[in-house]
Structures are given as structure tokens and as C-alpha cells.
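Undergrad: Residue numbers (UniProt numbering): 1 to 485.
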């Protein structure tokens, strides 16, 4: 090949690359509409294999775009999960490691100013951070527009969002709109006419089945269906007020459902999250991917799609190529961490997912594993008007354990954990068979231990406690639940 031919080839390649970039990015940077549910578990929609959940709008979203089957949050509680999202850093890298009264480390900033510097108008509505600006103000600059109070109650209507969109001019800057919905967060108000009957709900594996639990589960199902309706309404607003073909719509959740062995835990039901994305003409309809992605990757992906680069030092990295169908690989390992809060949940846990394997380390197995639900049920008189007793489902477990050995075993398994857990999540997705003691998996166990050790060192994980722990002796449990046969 002579020099002239080589130059023409290089020039052609450059022109082609620029054309591809123009197609992806568009003449104007894309709009982003990111919808975030609170406590909506990955298994709890028809998209992810649960037909008892009537979620046609999420189903349509998946039909129009891509479904991620291995998306994970960094922590299974609201504040650290959302702080990781907006900083692009793991909890021990950013400083917000627990659910209340934690602060960003000095020098850590969010990625939102990067989007703003790219010319974006960034807007929040509903529970996007953690309970309003007073909680998420550390990582949300004042230039972010908050529709309503930015807290929990603004999630009940999209009227304010429509008013805002209707007032935007044709030459308005590109929009990054974040919407947060809490319908799947406890407590769920009883409805006069429930769509689904208690006998028709599916009680997940590992959760003991009682009539009270079934009533509560109907309310959770209906909360998920309320969120589904909001997804449909949001897409209607996008079609009415934005350029659909230049708008990426994403649906996801901050962690799993607020039930035992889910939220506040590092099981798949706690940290694996729904993630669905639509961008007409850019994302292949009805596609899916096994690529492992983390919530810390989401904002770097938006920055990348807008033509920018994330600041140095962030843990997250763009999965734009996965979105656009260029690859089906992203991360080889996914880490997660849980510290708890200062009172109701003091139980530090670390985990890693690598391929089909999941390793969990319980730093203090001598503590009682607890959450707000069981601690408040312990501390609050049995009052049906108190949210902790809305369905009496937790007390129903305790009552059942006095006579039913299966209920006693359930409570014991819930409150106590071994130092280490190892699961094959492909064959055992609900993590019911701990393989730590299996000689056949000794090499894999050592490998995953090393990964967690190295990650904890990398992020300066100090393994400290967030408050005084709960102990099993402090709970009024039937003797059978303390020492099941």
C-alpha cells in the first residue's frame, strides 16, 4: 500500500468514526429520563418472570429496549445506594456507607456537575436522593432543579413534571430528568378493593408463609403495579414534550424488596436490581444482556453518551457499548457492601459476584441480623395503626414459631448467619445452599476471599460499626427459634 492510499484509508476511517459518533450522539446531546423505584426487587415484575405482577408498561419498555439481567446496586439501603449512584464511587470510597448520618469524604463530589458542565439541565422529582435535599444536598449541587420538596410525598403525581416540561422552550438545553417513586416502600396503605387476592400472591423462597404475610404481599404487588403505571405516564410525557428519538429512558431501583433476606442484605434479592433502557434507533428492541453492571456505572454512562468523560478517580465506568449492542461484557466482578444504620440495623456485610459465584462475608456473625421491621416490631406495642405493624406479618412469624418448627427455623435463619457464604447463583438463584464447606469449591472460595480482601483494602474499608449491635438475647423469641432442632 502506497502512502497516498494509506492516507485515503485513514481519512475514510476518521470520517466513518465521526459519522458513527454523530449517529450515537445526535446533533443535540440526548435527553435522559431516569426513573428510580424505591425497594422494587428485580424479580417483582412480569419482565423478570413474575406473572402475578401486572406490569404491562415495564413489559413494553423491555420490548422497546434492552433488559439487563445482571445489574447490581453498591449497597442494599437507600442512602448509600443513591450516593454511590451519583458519585460513581463505592460506599467506602465516597464516605456514605450507611443509611443515616453519614457524610461524603473530603474532596469527593458528585458527577452531576459534570453533566451540568456538558450543558445539561438536571432536574429531580420525588425520592431521587434520600428524603429530600437535607439528606442528598451533599452530592446534589444547588443548580439542580428540584420539583416540589424533593422528598417522599412528591412521588404521588406527575403533574409538576408535566407543568415543568410544558414550559420548556424548543431551544432549551438537553435534559437530565431523574424521577423517584416510593410505592414499593413500606408501609403500604390498605386498599378497599385489592386487585390481587392473598391466596394468589407468590411468597418468595426463604420467607415463611402466613396469612398476614400474604396480605402484606398483596400491598407490595399493588405498589409495584402503581409504579408500572407511572412508567407508562412518564413515557407519555416523553412522547408529548421531548424528542422521543433523542431521549434515553431508563428504569431501575435502588435495591431489593423490604422483606426478609432482601433489602438490607447482600443476597441477590437485596442487591440485584431491575435495569431497562429504551432509546429508539440506538438500542435494539427486545434485547437483553448478561453483562454485569453496577449502579456506580450509570452516571458515567450518561456522561459518555453525552460526549464527555467522567472525572478521574471514580469507580464507575461507562457501559454505553452494552447499551448500544456493541458488546455483551462489562465487569468481571461486582462488589457490594452493607454497614447498616446507627440503631436498627448494625450488621456489616461484604460480598463479591464473579461469574456464577457469589461470596458473602458476615463480619460479625455473633450479632443478631436485624432490620427496621423486626426491631420496630420488638420495640413498638402491637398497634395496627403503627406502620411497623400495618399487616402484623412480622408478629405472625413469631406467633407461628411457638408451634411450627418451620417458622422457628425461619426466624433463626433470619437472625443468625455464618461467617462466610458461597453460592452458585446460576443453579441456586435464591441462595439456599451454602457451599462454603464443600471441598470441591475450596479453590473458588479462596479466590473470592482474596477478591474481597483486596477490594476492602482498595477502598479503605475500616470495618467499623455504625452503632451498638442487636443481640439475639434481646429479642422475645420462642425458644424453638433460638435453638431450632
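We treat Cβ as the ideally placed atom computed from N, Cα and C, and that holds for glycine. Predicted, not measured: the structure shown is a model, and the values here were computed from it.
Do the CB positions of residue 228 and residue 183 come within less than 7 Å of each other?
TA: No, Cβ-Cβ distance for residue 228 and residue 183 is not below 7 Å.
Undergrad: Within the continuous beta strand (DSSP E) that includes residue 358, where are the two ends?
TA: Residue 358 -> beta strand (DSSP E) spans 357-362.
Undergrad: Which ranges would you report for the beta strand (DSSP E) in the region 52-108 if only whole runs of at least 3 residues count?
TA: Correct list: 66-72.
Undergrad: What would DSSP say about residue 456, mapped onto helix, strand or coil?
TA: Residue 456 falls in the helix class under three-state DSSP.
Undergrad: Identify whether residue 247 lies in helix, strand or coil by the three-state DSSP scheme.
TA: Here residue 247 sits in strand by DSSP.
Undergrad: With the cut-off set at 7 Å, would you say residue 208 and residue 43 are in Cβ contact?
TA: Contact: no.
Undergrad: Using only the alpha-carbon positions, how far apart do residue 31 and residue 115 sit?
TA: Approximately 11 Å between the Cα atoms of the pair.
Undergrad: Which class does residue 194 belong to by DSSP, given the choice of helix, strand or coil?
TA: Coil, per DSSP.
Undergrad: Any idea which residues DSSP pairs residue 252 with across the strands?
TA: In DSSP, residue 252 forms a bridge with 36, 275.
Undergrad: Just grab the DSSP bridge partners of residue 331 for me.
TA: Answer by DSSP bridge pairing, in chain order: 292.
Undergrad: Would you mind giving the Cβ-Cβ distance between residue 295 and residue 74, rounded to the nearest angstrom? I have them listed as a contact below 8 Å.
TA: With 8 Å as the limit, residue 295 and residue 74 qualify as a contact, their Cβ atoms being about 6 Å apart.
Undergrad: What does the alpha-carbon distance come out to for the pair residue 480 and residue 449?
TA: Those two C-alpha atoms are separated by around 33 Å.
Undergrad: Which residue marks the beginning of the alpha helix (DSSP H) containing residue 396, and which one marks its end?
TA: First-last of the alpha helix (DSSP H) with residue 396: 393-401.
Undergrad: Measuring only the C-alpha atoms, how far is residue 487 from residue 440?
TA: In the structure displayed, the chain extends from 1 to 485; residue 487 sits before or after that span and is not available.
Undergrad: Using the Cα positions of residue 38 and residue 159, report the straight-line distance between them to the nearest angstrom.
TA: One C-alpha to the other measures close to 20 Å.
Undergrad: Under 8 Å by Cβ, that's how I've got residue 482 and residue 412 pegged, so tell me the actual separation to the nearest angstrom.
TA: Indeed, because the Cβ distance is near 7 Å, the residues count as touching under 8 Å.
Undergrad: So if DSSP puts residue 349 in a beta bridge, which residue, or which two residues, is it bridged to?
TA: DSSP lists 338, 362 as partners of residue 349.
Undergrad: Reducing DSSP to helix, strand and coil, say where residue 28 ends up.
TA: Residue 28: coil per DSSP, three-state reduction.
Undergrad: Hey, quick one: how far does the beta strand (DSSP E) through residue 147 stretch, first residue to last?
TA: Segment 145-147, the beta strand (DSSP E) holding residue 147.
Undergrad: Would you check if the distance between the CB atom of residue 120 and the CB atom of residue 174 is smaller than 7 Å?
TA: A contact, by the Cβ cut-off of 7 Å.
Undergrad: Quick check on residue 420: does DSSP put it in helix, strand or coil?
TA: In the structure shown, residue 420 sits in a strand (DSSP, three-state: E or B).
Undergrad: Taking Cβ positions, are residue 252 and residue 238 nearer each other than 7 Å?
TA: For residue 252 and residue 238, no; Cβs fall outside 7 Å.
Undergrad: Taking the straight line between their C-alpha atoms, what separation do you get for residue 133 and residue 143?
TA: Bear in mind that a pLDDT of 49 at residue 133, under 50, signals an unreliable position, so the model cannot answer this.
Undergrad: Apart from the five residues on each side of it in sequence, which residues of its chain come closer than 6 Å, Cβ to Cβ, to residue 102?
TA: For residue 102, where only same-chain residues beyond five positions count, the Cβ hits under 6 Å are 96.
Undergrad: By a C-beta neighbour count over all protein chains shown, 10 Å radius and 16 as the cutoff for buried, is residue 203 buried or exposed?
TA: The residue is exposed, with fewer than 16 neighbouring Cβ atoms inside 10 Å.
Undergrad: Per DSSP, residue 123 forms a beta bridge with which residues?
TA: The partner list for residue 123 (beta bridge, DSSP) reads 145, 177.
Undergrad: Using three-state DSSP, classify residue 23 as helix, strand or coil.
TA: For residue 23, the predicted model reports a pLDDT of 46, less than 50, meaning its position is unreliable; a value from the coordinates is still stated below. Of the three classes helix, strand and coil, the one that applies to residue 23 here is helix, per DSSP.
Undergrad: Taking the alpha helix (DSSP H) that residue 232 falls in, what are its first and last residues?
TA: 211-241 is the span of the alpha helix (DSSP H), which, as asked, contains residue 232.
Undergrad: Name, in chain order, the residues that DSSP records as bridge partners for residue 264.
TA: Residue 264 is bridged to 262.
Undergrad: Please name the residue, chosen from 467, 322, 56, 172, that lies closest to residue 243 on a Cα-to-Cα basis.
TA: Of the listed residues, the one whose Cα sits closest to residue 243 is 172.
Undergrad: Taking DSSP's pairing of strands, which residues face residue 309 in a bridge?
TA: Paired residues: none, contrary to the question.
Undergrad: Apart from the five residues on each side of it in sequence, which residues of its chain come closer than 7 Å, Cβ to Cβ, to residue 447?
TA: So the list is empty, once near-sequence residues are dropped.
Undergrad: According to DSSP, is residue 46 part of a helix, a strand, or is it coil?
TA: Helix.
Undergrad: Could you check the C-alpha separation between residue 472 and residue 338 for me, to the nearest Å?
TA: Near 20 Å, if we compare the C-alpha coordinates of residue 338 and residue 472.
Undergrad: Alpha carbons only, please: which of 420, 305, 443 is nearest the one belonging to residue 29?
TA: That would be 305, whose Cα lies nearest to the Cα of residue 29.
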